[in-house]
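Going by the numbering used here, the sequence shown opens with residue 724, and the numbers climb by one from there.
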Amino acid sequence: MAKDGSTAATDGTATGSGDIARSLELLWGTGDRPSRGPKPGLSLDRIVTAAIAVADAEGLAAVSMRRLSTELGTGTMSLYRYVPGKAELLDLMLDRVLGQPLPTDTELPVEAPPADWRASIDAMARTYLDNLRAHPWLLKINQARTVLGPSALRGLELSLTGLRSMGLRDPELIGVIITVNSFVEGLARTQADAAEAVRQTGLSDQEFWDNQRPYLERAMLSGAYPMMAGLSEDAFSAEFDHFAFGLRRLIAGFEALVAERTVEGTAERTADGTADGTVDGTTGQATERTAARK
724 MAKDGSTAAT DGTATGSGDI ARSLELLWGT GDRPSRGPKP GLSLDRIVTA AIAVADAEGL
784 AAVSMRRLST ELGTGTMSLY RYVPGKAELL DLMLDRVLGQ PLPTDTELPV EAPPADWRAS
844 IDAMARTYLD NLRAHPWLLK INQARTVLGP SALRGLELSL TGLRSMGLRD PELIGVIITV
904 NSFVEGLART QADAAEAVRQ TGLSDQEFWD NQRPYLERAM LSGAYPMMAG LSEDAFSAEF
964 DHFAFGLRRL IAGFEALVAE RTVEGTAERT ADGTADGTVD GTTGQATERT AARK
């Protein structure tokens, strides 16, 4: 266990596995800038940008201080004057990409999310899917204990702002974000794994399934799998948009929850009004008639 209480990851794929205090200083711009030694023009921003480019092209395993020194045309020791190591660098990389497509300058205003929470969820999901496709190495990272920087916080702030009109409790709003992100990550991981399988085996998806076809056809004719045998020809069609289908079902589920909360809120307000002696017009008229008879 590291001195700061975090659990170090030997493969460098867990955020928060390095010097958390140093990562936070670098993320929030409170750390001391190198005063001597680095090559002119070298900066933390350039180092993080280069690391992300290498990870995008070759995967996270290709990112090392030695490799980055080659990419940036500087000595390896010069990099250590800016960032302690790969674990802390990973924290910076993650915050950078999680903030996309937000402006990198925290002083710039962020475009307001859609007013309708359904549109906000749709935009949130599609933006995250685009991000995972652009940076597939994100799916390899253990984000259980993410060191939160300004970009990640701004993204969370934007998401919460877009969901505010749902009228849910705070834990439920966080639950909405986790549910949507988990759905997107699951779909993106399946797509990334399929692409990786093609690279590793050299077989296309079509070739892979063609090899299994004779065995599968015999199995379907055996009568042992009636449900599978009865599926339509397009059941596994690549043209079916599983992302849009799943996202619509999620939003429909959230709509049911919002409606439930709306009914509960109305009932509570009615109960409170009755308890406080507040009455509607009909009840008020009945009360007046009763008082007149007395």
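Ideal Cβ placement from N, Cα and C applies to all residues, glycine included. This structure is a prediction, so every number in the text was calculated from the model and none was measured.
What are the partner residues of N865, as DSSP defines its beta bridges? A737
Roughly how many angstroms separate the alpha carbons of P807 and G741, rounded to a whole number? When only Cα atoms are considered, P807 and G741 end up about 9 Å apart.
CA-to-CA distance, S787 to K809, given in whole angstroms: Rounded to the nearest angstrom, the two C-alpha atoms are 7 Å apart.
I'd like the span of the alpha helix (DSSP H) that includes R804, first residue to last. Per DSSP, R804 lies in no alpha helix (DSSP H) segment and is marked neither H nor E.
Hey, out of Y805, I864, T738, I775, whose CA is closest to Q823's CA? I775
Output needed for P837: all residues of its chain with C-beta closer than 7 Å, excluding positions within five of it in sequence on either side, in chain order. Closer than 7 Å at the Cβ level, and outside the excluded window around P837, lie S843, A846, G885.
Neighbour-count burial assignment, E811, 16 or more Cβ in a 10 Å radius: Classification of E811: buried, given that the 10 Å Cβ count is 16 or more.
T753 by DSSP, collapsed to three states: which one? coil
Looking at the unbroken alpha helix (DSSP H) that takes in V899, where does it start and where does it end? 893 to 924
Taking Cβ positions, are G996 and F906 nearer each other than 8 Å? no
To the nearest whole angstrom, what separates the beta carbons of T738 and R868, a pair I think is in contact under 8 Å? 6 Å
My assumption, with CB atoms under 8 Å, is that V1018 sits in contact with F966. Please give the rounded CB distance. Nothing can be reported for residue 1018, as the shown portion of the chain is limited to 724 through 1017.
Quick check on the burial criterion: 16 or more other C-beta atoms within 10 angstroms. Buried or exposed for L926? exposed
Which of the three DSSP states, helix, strand or coil, is assigned to G1004? Bear in mind that a pLDDT of 46 at G1004, under 50, signals an unreliable position, so the model cannot answer this.
Considering only C-alpha positions, which residue in the set A942, A917, M943, R941 is nearest to F931? Ranking the options by Cα distance to F931, first place goes to A917.
For D768 and T924, the rounded distance between their alpha carbons: Rounded to the nearest angstrom, the two C-alpha atoms are 37 Å apart.
Tell me whether A725 sits in a helix, a strand or coil according to DSSP, three-state version. Bear in mind that the predicted position of A725 carries a pLDDT of just 44, short of 50, making it unreliable; the figure below should be weighed with that in mind. Correct three-state label for A725: coil.
Confirm, please, whether the CB-CB distance from D818 to L881 is below 8 Å. no
Please list, in chain order, all residues of the same chain as W860 whose beta carbon is under 8 Å from its beta carbon, the five residues on each side excluded. Same-chain partners within the cutoff: A778, D779, G782, L783.
When the Cα atoms are used, what is the spatial distance from G909 to I897? 18 Å
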